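These protein sequences, in sequence, are chains A and B.
Counting from 1, position 103 in the first sequence corresponds to residue 103 in our numbering; the numbering is continuous, with no gaps.
Counting from 1, position 325 in the second sequence corresponds to residue 1325 in our numbering; the numbering is continuous, with no gaps.
One structure is given here, and the rest of the page talks about it.
Protein chains: 2
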Amino acid sequence: MDTQITIIHTRTKKQKPDPDSLGFGRIFTDHMFIMDYDEELGGWHDPRIIPYQPITLDPSCMTFHYGQTVFEGLKAYRTKEGRILLFRPEKNFERMNKSNDRLCIPSIDESFMLEALKTLVEVDRDWVPDAEGTSLYIRPFIISTETYLGVSPSKHYRFMIILSPVGAYYKDGINPVRIGVEKEFVRSVKGGTGMAKTGGNYSASLKAQEVAEALGCSQVLWLDGIEKKYIEEVGSMNVFFKINGEIVTPELNGSILDGVTRNSIIQLLKHWDIPVIERRVSMEELIQAHHDGKLEEAFGTGTAAVVSPVGELLWEDNVLEINGGQIGEISQKLYDTLTGIQTGKVEDPFNWVSEVGTSSSSKSHAI
Amino acid sequence: MDTQITIIHTRTKKQKPDPDSLGFGRIFTDHMFIMDYDEELGGWHDPRIIPYQPITLDPSCMTFHYGQTVFEGLKAYRTKEGRILLFRPEKNFERMNKSNDRLCIPSIDESFMLEALKTLVEVDRDWVPDAEGTSLYIRPFIISTETYLGVSPSKHYRFMIILSPVGAYYKDGINPVRIGVEKEFVRSVKGGTGMAKTGGNYSASLKAQEVAEALGCSQVLWLDGIEKKYIEEVGSMNVFFKINGEIVTPELNGSILDGVTRNSIIQLLKHWDIPVIERRVSMEELIQAHHDGKLEEAFGTGTAAVVSPVGELLWEDNVLEINGGQIGEISQKLYDTLTGIQTGKVEDPFNWVSEVGTSSSSKSHAI
Ligand SMILES: Cc1ncc(COP(=O)(O)O)c(C=O)c1O
Ligand SMILES: Cc1ncc(COP(=O)(O)O)c(C=O)c1O
């Protein structure tokens, strides 16, 4: 494919938002990356960075009808010295290709996408905020653009990357949350699309989230769709428990997303010689462990929060309090280490971060 | 809400396609219906019929990311005398509201939508083809348009109806098809979104369909996601079997779509005093019945094909031939009667059809 990225700079730079009032995902930067797919035009082609702007699509575009979409989410962080770091971005494009495979979307060239991403972030470098906890959220996504109402894989696609400066997830220190165990609705099931990052998994989750919020819960704890016994994920995060000194997390079984944060946490724990195991975890086991005073910590993990401690689990009419509703020692240590590595404050023994603006843009072609 | 429909007629009517080469879902008519949702603007508002044209959306629109969409599919038929008939259109808007509820999309006013649909079809009346088996396919759909990357129900939506003249499903007479029983992939599961007509169910189905086609099958027979034992649907159709003189179809269990054709067929069979029962049907039962020579007919049902006889079921390494690979007597009778009612050739004892161009457009406001 054509790997020369055309860059068209905006003539009217937007005003940067007030760094103290950054929320999540509502403000977008000056530029975006686009690339289109058409088999007859050689597959993915015409990679370009252009001013952020609306896109125009025919109402019969498949994406509006049959949900053939995938997306990713990662962040760029500004270090104290002003360097811009990405955290394991290659994992996101690797996962995107797994999602593509499940959704019958043609695969992308992972190393080229990484170059494109770095070039885009470099162009909008000034948009990476520097206040504690803030970052630039990066959203690569693919939509199906064939204008056809038949149910079949689209012949045309559009890949885009948009960027959004986001505020700190925790504004007043980390607050453990209350999570509701979901017994009626299912996010995904073996044989479904749970291991892919595709829209349908998220639209399926909205209803349960509404119910949980009405019960004062901030997220849903999903159980497996088959026996409604085994823990899957919490909201849009993977989940870990510390039970009797050992860290356990549900094994990747096809319906759980292979989180980059989850993977990093497992590596960190092993590096620290803290026992960690991936296996099935049943709700029954959690209840028993809680009863025996051995459910010591629980936390969700994901790009947005990094680590989100669970203070209470709502199960039927019972509330299981965990660690006195306080953040646990390991949760805190994982949070501090990961955010430290991401922002260049802590040594990076795994070579997880990669810097923007040091190698890329050589192959691109500015106009 | 504002129920006055603004109509802006096109100035440049497109050329109608050659009626002999109509396919499915690639050609669209001169006009489309649009209506937007914003709670602060009173909910659904600004219903309008305008020239068919592309729509412009921000790349951060939720619909591109989290699959919060629903759709419907129905047809308008031209009778010999030139009247335009719709088949049970109120059922589609009723079902759309069920889908809306599952997807956390605000409900629509079903009777107003029916008026709007009739007005649109009346405007594009000349596009309803008249050759045997042809029709005007109608696609109402809703997309989520809030420009926000948070995972939560959108605050803005767009409802649209587009129209596409389509050719005969069966060009050379009804041909029974080979169907592959799917053992790995799952379309939907109890607690999921299977009973809703939403994009994610269809994107989840693409992979299995690809595998089935490679095995010479035209569709997939879906089993339940929990035990992988019970029949759910076939491709994007409901499914019926005639076993030992009795017609059986999987009961509506939450993961199966409540098809309008399915519902009509059940009513017709009861009207004819042919025994019909909605219950769980296992693959094991089908194999046993086939072995005993009692699997007499099998057919899928849906708006596209009306009735699609199954000639062969591919199960592991076995091929179960049904009725010598020929269309069964009841399948044929159902097909003839339903298509007859739809096109005004056969008496309509249930008041299923409603005519376009007799009552509507009084409330609309042409420009
Ligand atoms: C369903 C789901 N699970 C888990 C995660 C965590 O993945 P990651 O750590 O890669 O952000 C995410 C996304 O962020 C998700 O959407
Ligand atoms: C999954 C699925 N099942 C069944 C059907 C049949 O429904 P109907 O008879 O209303 O067309 C459809 C749609 O046409 C469908 O998409």
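By construction, the Cβ of each residue, glycine as well, lies at the ideal position given by its N, Cα and C atoms.
Quick caveat, the model's predicted, so the values are computed rather than measured.
Q: Mark Asp317 of chain A as exposed unless 16 or more other C-beta atoms lie within 10 angstroms of its C-beta, in which case mark it buried.
A: Result: exposed.
Q) By Cβ distance, which residues of its chain are closer than 8 Å to Val1189 of chain B, with the 5 residues on each side in sequence left out? A) Within its own chain, the residues whose Cβ lies closer than 8 Å to the Cβ of Val1189 of chain B, once the five positions on either side in sequence are excluded, are Asp1224, Gly1225, Ile1226, Ser1255, listed in chain order.
Q.
Against Glu1210 of chain B, what residues of chain A qualify as contacts under a CB-to-CB distance less than 8 Å, listed in chain order?
A. The answer, in chain order, is Cys104, Pro153.
Q | Touch test, the segment 1284-1293 of chain B against the segment 1122-1130 of chain B, Cβ-Cβ under 8 Å, three pairs minimum | A | No: fewer than three Cβ pairs fall under 8 Å.
Q) Whole-angstrom Cβ separation of Lys1242 of chain B and Glu1296 of chain B, contact assumed at under 8 Å? A) Indeed they touch by this definition, with Cβ atoms about 4 Å apart.
(Q) On a Cα-Cα basis, can you pick out the residue from A:Phe64, A:Gly42, A:Arg139 that is closest to Leu86 of chain A? (A) Leu86 of chain A has its Cα closest to that of A:Arg139, out of A:Phe64, A:Gly42, A:Arg139.
Q. If you measure from the CB of Glu233 of chain A, is any heavy atom of ligand 1 nearer than 7 Å?
A. Correct: Glu233 of chain A has its Cβ closer than 7 Å to ligand 1.
**Q.** Nearest-angstrom Cβ-Cβ length linking Ile5 of chain A and Ala116 of chain A, presumed shorter than 8 Å
**A.** Between Ala116 of chain A and Ile5 of chain A the Cβ distance is about 6 Å, and since that is below 8 Å, they are a contact.
Q) Taking the continuous alpha helix (DSSP H) assigned at Met1113 of chain B, which residues delimit it? A) Residues 1110-1123.
Q) What separation, rounded to the nearest whole angstrom, lies between the Cα atoms of Leu1320 of chain B and Glu210 of chain A? A) Their backbone Cα atoms lie some 45 Å apart in a straight line.
Q. In its own chain, which residues sit with a C-beta less than 7 Å from the C-beta of Val1276 of chain B, not counting the 5 before and 5 after it?
A. These residues qualify, in order along the chain: Ile1247, Ile1266, Leu1269, Lys1270.
Q) Whose C-alpha, out of A:Glu278, A:Thr261, A:Asp273, is nearest the C-alpha of Glu251 of chain A? A) Each of A:Glu278, A:Thr261, A:Asp273 was checked against the Cα of Glu251 of chain A, and the nearest Cα belongs to A:Glu278.
Q | Run of the beta strand (DSSP E) containing Ser264 of chain A, from where it starts to where it stops | A | Here Ser264 of chain A belongs to no beta strand (DSSP E); instead the alpha helix (DSSP H) covers 260-271.
Q: Using a Cβ cut-off of 9 Å, pull out every chain B residue sitting near Gln68 of chain A, in sequence order please.
A: Those are Gly1199, Tyr1202, Ser1203, Leu1206, listed as they occur along chain B.
Q: Between the Cα of Tyr157 of chain A and those of A:Gly173, A:Phe93, A:Leu41, spot the shortest distance and give me the residue it belongs to.
A: Taking only the C-alpha atoms, the option nearest Tyr157 of chain A is A:Leu41.
Q. Out of A:Thr301, A:Thr29, A:Tyr37, A:Phe71, which has the shortest C-alpha to C-alpha gap to Ser264 of chain A?
A. Taking Ser264 of chain A as reference, the option from A:Thr301, A:Thr29, A:Tyr37, A:Phe71 with the minimal CA-CA separation is A:Thr301.
Q | Simplified DSSP assignment, three categories, for Pro1250 of chain B | A | DSSP places Pro1250 of chain B in coil when its eight states are reduced to three.
**Q.** Near ligand 2: Asn323 of chain A beta-carbon under 7 Å from a heavy atom
**A.** It does not: the Cβ of Asn323 of chain A is nowhere closer than 7 Å to a heavy atom of ligand 2.
Q | Spatial neighbours of Gly199 of chain A in its chain, beta-carbon cut-off 6 Å, leaving aside the 5 residues before and after | A | When the five nearest sequence neighbours on each side are left out, the beta carbons in the same chain lying within less than 6 Å of the beta carbon of Gly199 of chain A are those of Gly67, Thr69, in order along the chain.
Q) Which residues, in chain order, does the segment 27-48 of chain A contribute to contact with chain B at a C-beta distance below 7 Å? A) For the segment 27-48 of chain A, the set of residues with a beta-carbon nearer than 7 Å to any beta-carbon of chain B comprises Phe28, Met32, in chain order.
Q) Going by C-alpha distance, which of A:Thr339, A:Val353, A:Gly325 is nearest Pro176 of chain A? A) Of A:Thr339, A:Val353, A:Gly325, the residue nearest in Cα terms is A:Gly325.
Q: Consult DSSP for Gln1068 of chain B and reduce its assignment to one of helix, strand or coil.
A: Residue state, collapsed to three classes: coil.
Q) Among A:Ser236, A:Gly245, A:Asn351, which residue has its Cα nearest to the Cα of Val307 of chain A? A) By alpha-carbon distance to Val307 of chain A, the top candidate from A:Ser236, A:Gly245, A:Asn351 is A:Ser236.
Q) Looking at Ser1144 of chain B and Ser1154 of chain B, is the spacing between their C-beta atoms short of 8 Å? A) Going by C-beta atoms, Ser1154 of chain B is nearer than 8 Å to Ser1144 of chain B.
Q: Determine, using beta carbons only, whether Val220 of chain A comes closer than 8 Å to chain B.
A: Not an interface residue.
Q: Give the interface partners of Thr193 of chain A over in chain B, defined as CB-CB distance under 8 Å, in chain order.
A: What Thr193 of chain A touches in chain B: Gly1200, Ser1203, Ala1204.
Q) Helix or strand or just coil, what does DSSP make of Ser1255 of chain B? A) DSSP, reduced to helix, strand and coil, places Ser1255 of chain B outside both helices and strands of the structure shown, so it counts as coil.
Q: Report all residues from its chain with a CB closer than 7 Å to the CB of Val281 of chain A; omit the five preceding and five following residues, and keep chain order.
A: A distance below 7 Å between beta-carbons, with the five flanking residues on each side excluded, links Val281 of chain A to the following residues of its chain, in chain order: Tyr230, Ile231, Phe241, Val248, Pro250.
Q: Report the three-state DSSP secondary structure of Gln288 of chain A (helix, strand or coil).
A: Secondary structure at Gln288 of chain A: helix, using DSSP grouped into helix, strand and coil.
Q: Reducing DSSP to helix, strand and coil, say where Ile1341 of chain B ends up.
A: Three-state result, Ile1341 of chain B: helix.
Q | Start-to-end residues for the alpha helix (DSSP H) that takes in Gly199 of chain A | A | Counting along the chain, the alpha helix (DSSP H) containing Gly199 of chain A begins and ends at 199-203.
Q.
Let me check understanding here. Comparing Cα to Cα, which of B:Tyr1052, B:Gly1194, B:Leu1163 lies closest to His1009 of chain B?
A. Residue B:Tyr1052 is the option with its Cα nearest to His1009 of chain B.
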